[in-house]
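Below is one structure, written out as structure tokens; comments come after it.
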Amino acid sequence: MRCKGSNLLPVFLNLLFLMSFPSVKCAYRWHTCNNASTYTDGDPYSTNLNRVITDLLRNGSQSSGFNTSWHGQSPNQVYGLLQCIGNISAEQCSTCSREANNSLYELCANDIGGGVWLDDCFLRYANSNFISKLDTGGAYLWNTNSVASNKMANFTSITTSLLSNLSNKAYNPANKGLALGSAPYSSSDTVYGLVQCWRDISENDCRTCLFTGRQQLQQCCSSNQGGRVLYGSCTVRYESYPFFGSASPPEESPAPATSTPPAAAQAPNNGVNGIPQGVSKKKSSKTLPLVLGLVGGIFLVCVVLLIGMRKRVKAAIFGKPITVATHNEERRGFSPESESRLLMQEQQFIFSLEELAEATENFHDKNKLGEGGFGAVYRGKTTDGRGIGVKKLSARSAQGKREFMNEVKLVANVRHRNLVKLLGCCAEGDERLLVYEHLPNKSLDTFLFDSEKRRDLDWQKRYNIILGIARGLLYLHEDSQLRIIHRDIKANNILLDEKLNPKIADFGLAKLFPEDETHVQTRVAGTYGYMAPEYAMRGQLSAKADVYSFGVLLLEIVSGRKNNDIHFSQERQNLLEWAWRLYTGGDVLDMLDSTIRETFLQEQSLRCIHVGLLCVQAKETVRPVMSNVVIMISSSSVTLPNPTKPAFINVSGSPAPKSKSKSKSRSSSGFEEHEKGTTSQASGTSTSSTSAGIPSVNETSVTQVDPR
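The sequence shown maps to residues -26 to -1, 1 to 682 in mature numbering (1 follows the signal peptide of the UniProt record, and there is no 0).
Here is the structure:
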């Protein structure tokens, strides 16, 4: 026994060493601030707030993780609430509460109200009484990993049943609003769930809150491996991995009853070495089990605690594949992995359908800015006077929901002066809406291809637009935390602000690109006339596909015409072919828009046309990257290489002559055959294909929008 005990000593000492470290910090998830007005440090509201927070932090961990407090008289009265997730320890609750207070002060500063959700607790204060009132405002978050298609139906059914059963348990006052558990949905997979109501609301309000949360998760996240609702009165969460480390074990069946052996069956009391049986034998029989039990118990506790701490430490180091974080999280030292986290960068990211309907006058036609494959776009104004553009998913759009998720994931992750700013989103019932900053001058095509409005775009404005688009693409390809290929760069996806500065919009087809890859094979999606040949023909996608689209757009801006226009003579219908003919003939300035002939700068114009032709070269390997494009456009001292011939592809919408050969040329037939099934002009038609090769005839337009 001594030998075995000495082997356990290092394990026990290691356990004590690990336990001496501070506990893993609670991860930030969401916050909201009421900045209608602010308080000043030292004024009565500040004093009352400090008293409320002190009470909450002092008494919260001693009150089963829940406490409310209020101090002062109106208009300086302050109300506060603290709720820890019910299965954590008092020490964890205390730690999380302190972190929540620090986060709330950092995020909301001196705002008169605010709330913050951390993984293990929720803290809120306000200048009006919200205690004991149902609040289903907040956010929903989702795991970005999807459930395997062959397990989807069973996963959805088991998850729905699990959360429903847990909710029924949580309603019971004896459970204090908390229930957690798990259920297998395949032979090797388990889903874990947790529901909790804050302890200030009634049983009926708890029922309503949890029901609303479950409905929200079904609508937003049923195909994802995890999801979470963060409301002001409750939380609902499920994951495909265990996330409640100190969860209570499942209920067990009672142990079978045991009977004492009859006295007649016991060994006779003969004694040993002259000592009566009752002395030495009893002492030996009691001591050995006691020692074995004590050592075994210590060993078991060590193993359990080490396993539990290993999961927490691993989660702290590598992160869990969950949900949503904000730019504030990044500022506080977190560095979430780009493919497993979303960066929601606005305090009020989630809009309700009611407030968007009010902002757009119930989506009145007079506020309609345009309509495309995704749906209609409306201008609006929020209650605080902020101008917004609302893109509303069409109920008929089969691809809109995918685009909605794509834009939320990607646009919320990026910030640049030449990218449109996503303010928020809304997903209620069947409605899916995206909310952007309002840009009063709509999109570039409304100016560029209008015989009157194009006069407002003198050469300097066009040059600034070209350079701004190039810088926006450079940011997406090389400078943002996510490497993004837009896949649909075109004139009506470039929005203009009040000063005609360009902003790249419509990320519905954008693709997150692996850092260590230069090419991926993917389905073809984009707009004819702007798609690079290697992508359109073979589904081979790289950053050079965006470079090609930019080159086409640059030549459109300079010439003031669409890349393919049947209103011109046959030799001028294809913009690239016409530009190449003028370039090789030495009279390339003839392609300049007639409205800028009095304002253009010859050297800048020639340089821009030259760069445009470099971008649309047939071979992707010789096209420049966007960092070089920006330098070549903005610097007159850089020597430009000679461009090679662009790829001329018939995308006019008219059928090509049928070949008598049994095999057709892939360089043209893919476009031509698809175009037979459409009626849109090539310069404004977007398509999505289900294969990585030739686009499908049956796919519909998905990105033609006259945004905001």
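Even for Gly, the Cβ is constructed at its ideal location relative to N, Cα and C. Keep in mind the model is a prediction, meaning the values are calculated, not measured.
| Item | Value |
| --- | --- |
| Spatially closest choice to E594 from I570, V604, L529 and M505, by CA coordinates | M505 |
| Minimum C-alpha distance to W91 - residue among L140, C7, N50 and V165 | C7 |
| DSSP-derived helix/strand/coil call for N538 | strand |
| Boundaries of the beta strand (DSSP E) in which K159 is found, first to last residue | The sequence given here has Tyr at residue 159, not Lys. Per DSSP, Y159 belongs to no beta strand (DSSP E) and is neither H nor E. |
| Contacting residues, own chain, Cβ-Cβ under 6 Å from W4 (five flanking each side not counted) | W91, A113 and L204 |
| Chain-order list of residues whose beta-carbon lies under 8 Å from that of D471 (same chain, five-residue window excluded) | L413, P414, N415 and K477 |
| Contact under 7 Å by Cβ, N33 with N22 | no |
| Beta-carbon spacing of V590, Y522 below 7 Å | yes |
| Residue interval of the alpha helix (DSSP H) (run including Y522) | A517 to S533 |
| Residue environment, Q455, which counts as buried when at least 16 other CB atoms sit within 10 Å | exposed |
| I440 vs I583 beta-carbon contact at 7 Å | no |
| Option in S48, A592, L408 and R202 with minimal Cα separation from D93 | R202 |
| Exposure label - L575; buried when at least 16 CB within 10 Å | exposed |
| Alpha carbon of L483 to alpha carbon of D462, nearest angstrom | 7 Å |
| Identified DSSP bridge partners for E345 | A350 |
| Run of the alpha helix (DSSP H) containing D29, from where it starts to where it stops | P18 to N33 |
| Three-state class that DSSP yields for D85 in the structure shown | strand |
| Any 3 or more C-beta pairs closer than 8 Å across the segment 423 to 435 and the segment 382 to 401 | no |
| 6 Å Cβ shell around I(-1) - same chain, five flanking residues per side excluded | Correcting the residue identity first, residue -1 is Cys in this sequence and not Ile. Around C(-1): C70, E73, L92, D93 and D94. |
| Coil, strand or helix - F378 by DSSP | helix |
| CB contact flag (G586, G500, <7 Å) | no |
| S120 in three-state terms, based on DSSP | strand |
| Rounded straight-line distance, which links the Cα of W172 to that of F104 | 12 Å |
| Any non-hydrogen atom of the ligand FAD within 6 Å of D94 CB | With respect to the ligand FAD, the structure offers nothing, as it holds no ligand at all. |
| Presumed contact (8 Å Cβ cut-off) between L448 and V596, rounded CB distance | No, L448 and V596 are not in contact; Cβ-Cβ is about 19 Å, not under 8 Å. |
| Cβ neighbour criterion (16 or more within 10 Å) applied to V612 | exposed |
| Inter-residue spacing [alpha-carbon to alpha-carbon] between D29 and G359 | 37 Å |
| Local conformation of V596 per DSSP, three classes | helix |
| Residues that DSSP places opposite C400 in a beta bridge | L407 |
| Cutoff 7 Å; reference P52; Cβ partners in own chain excluding five residues on either side | Per the sequence shown, residue 52 should be read as Val rather than Pro. Y19, N22, L23, V26, W44, H45, G46, Y99 and N101. |
| Alpha-carbon spacing of G60 relative to T118, whole angstroms | 26 Å |
| Reduced DSSP secondary structure (H/G/I, E/B, other) of Q417 | Looking at the sequence shown, residue 417 is not Gln but Ser. In the structure shown, S417 sits in a strand (DSSP, three-state: E or B). |
| Alpha carbon of L97 to alpha carbon of E402, nearest angstrom | 26 Å |
| Distance between beta carbons of R188 and S120, contact taken as under 8 Å | Contact doesn't hold; Cβ gap of about 20 Å is too wide. |
| Coil, strand or helix - K638 by DSSP | Its pLDDT being 32, under 50, K638 is placed unreliably by the model, and the measurement read from it follows with that caveat. The answer is coil: DSSP assigns K638 none of H, G, I, E or B. |
| Neighbourhood of L78 by C-beta distance below 8 Å, restricted to the same chain and skipping five residues each side | H5, G88, G89, V90, L97 and Y99 |
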